[in-house]
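J.: The structure is given below, and queries will be raised subsequently.
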Amino acid sequence: MATSLKNLSDYDPSNVADASNMTFGIVVAEWNDEVTFALLEGAKNSLLKHGAKPENILIEYVPGAFELTLGAHLILEKTQVDAAIILGCVIQGETRHFDFICQGVAQGITTLNINHSKPVIFGLLTTDTKQQPLDRSGGKHGNKGDEAAITAIKMVSLTNSYQPEAF
Ligand code: DLZ
Numbered sequence: 011m012a013t014s015l016k017n018l019s020d021y022d023p024s025n026v027a028d029a030s031n032m033t034f035g036i037v038v039a040e041w042n043d044e045v046t047f048a049l050l051e052g053a054k055n056s057l058l059k060h061g062a063k064p065e066n067i068l069i070e071y072v073p074g075a076f077e078l079t080l081g082a083h084l085i086l087e088k089t090q091v092d093a094a095i096i097l098g099c100v101i102q103g104e105t106r107h108f109d110f111i112c113q114g115v116a117q118g119i120t121t122l123n124i125n126h127s128k129p130v131i132f133g134l135l136t137t138d139t140k141q142q143p144l145d146r147s148g149g150k151h152g153n154k155g156d157e158a159a160i161t162a163i164k165m166v167s168l169t170n171s172y173q174p175e176a177f
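Right under this line is the structure:
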């Protein structure tokens, strides 16, 4: 579904676990910081709203989206966080740089999920115009940071409770 058909900040709070015993690492790209810092505000506020303790939210900054994968890897390797969230914004330019960055981050984050067996949440806006990320970082389509935080809580809850039924 296109995000223009769904508000990124809309969700059913009754489906979200209490996060008071959960720990999170958030990695934020500094490129397009008007957008990424707004994503960070959304993510932090959503985690706190569901009980996460401020001291259990670790925040790290990296220069650009391409560095998000290593930033998340370092947090997962060197701390005990239950989940990592990456936040970034890549805007299509005149060259193919956009494609390489988006592809690299998507592949990198997928690999981290598997290698660390912990949720690494993909809070990367990949947009054609400068207006689209503004609409998705606290604008008319909500905030991708909220969505990433709620996804992180749900995935930590799933990871902690996962008990496959015997066949
Ligand atoms: C170089 C670059 C470009 C052109 N565009 C963006 C962007 O829209 N969003 C973003 O987060 N980063 C961009 N970067 C920087 C790269 O992600 C990376 O930091 C550099 O290529 C250095 O590795």
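Residue numbers for the sequence shown follow the working numbering, so the first one is 11 and each next one is one higher.
C-beta: ideal position from N, C-alpha, C; glycine also.
Given the structure is predicted, the values throughout are model-derived calculations rather than measurements.
(1) For residue 151, does the count of other Cβ atoms within 10 angstroms reach 16, so buried, or fall short, so exposed?
(2) May I ask which residues mark the beginning and end of the beta strand (DSSP E) holding residue 166?
(3) Just list the alpha helix (DSSP H) runs in the region 81–153, keeping only unbroken ones of 4 residues or longer that don't cross its boundaries, in chain order.
(4) What would DSSP say about residue 74, mapped onto helix, strand or coil?
(5) With a threshold of 6 Å (Cβ to nearest heavy atom), would residue 143 be considered close to the ligand DLZ?
(6) Run through DSSP, which three-state label would residue 62 get?
(7) Between residue 77 and residue 83, what straight-line distance do the alpha-carbon atoms span, to the nearest angstrom?
(8) Rounded to whole angstroms, what's the CA-CA distance from residue 116 to residue 131? Just pull it up for me.
(9) Leaving out the 5 sequence neighbours to the left and right, which residues in its chain are closer than 6 Å to residue 61 when beta-carbon positions are compared?
(10) Does the ligand DLZ have a heavy atom nearer than 6 Å to the CB of residue 110?
(11) Check the C-beta distance from residue 39 over to residue 72 and give it rounded, since I have them as a contact under 8 Å.
(12) Give the DSSP-derived three-state secondary structure of residue 38 in the structure shown.
(13) Who are residue 18's beta bridge partners in DSSP?
(14) Using DSSP's beta-bridge definition, name the partner residues of residue 49.
(15) When you compare only the Cα positions, how much space is there between residue 15 and residue 141?
T.: The structure says:
(1) Result: buried.
(2) Premise fails: residue 166 lies in the alpha helix (DSSP H), 154–171, not in any beta strand (DSSP E).
(3) Within the region 81–153, the complete alpha helix (DSSP H) runs of at least 4 residues are 107–126 and 141–145.
(4) Residue 74: coil per DSSP, three-state reduction.
(5) The answer is no for residue 143.
(6) Three-state result, residue 62: coil.
(7) The straight-line gap from Cα to Cα measures roughly 10 Å.
(8) Cα atoms of residue 116 and residue 131: separation of roughly 10 Å, rounded to the nearest angstrom.
(9) Residues 28, 29 and 30 of the same chain have their beta carbon placed closer than 6 Å to that of residue 61, with the five preceding and five following residues left out of the count.
(10) Flag unset: Cβ of residue 110 not near the ligand DLZ.
(11) The pair is a contact, with the Cβ atoms about 6 Å apart (cut-off 8 Å).
(12) Residue 38: strand per DSSP, three-state reduction.
(13) Bridge partners of residue 18 according to DSSP: none are assigned.
(14) DSSP, once it has assigned bridges, lists no residue as partnering residue 49.
(15) Residue 15 and residue 141: Cα-Cα distance of roughly 16 Å.
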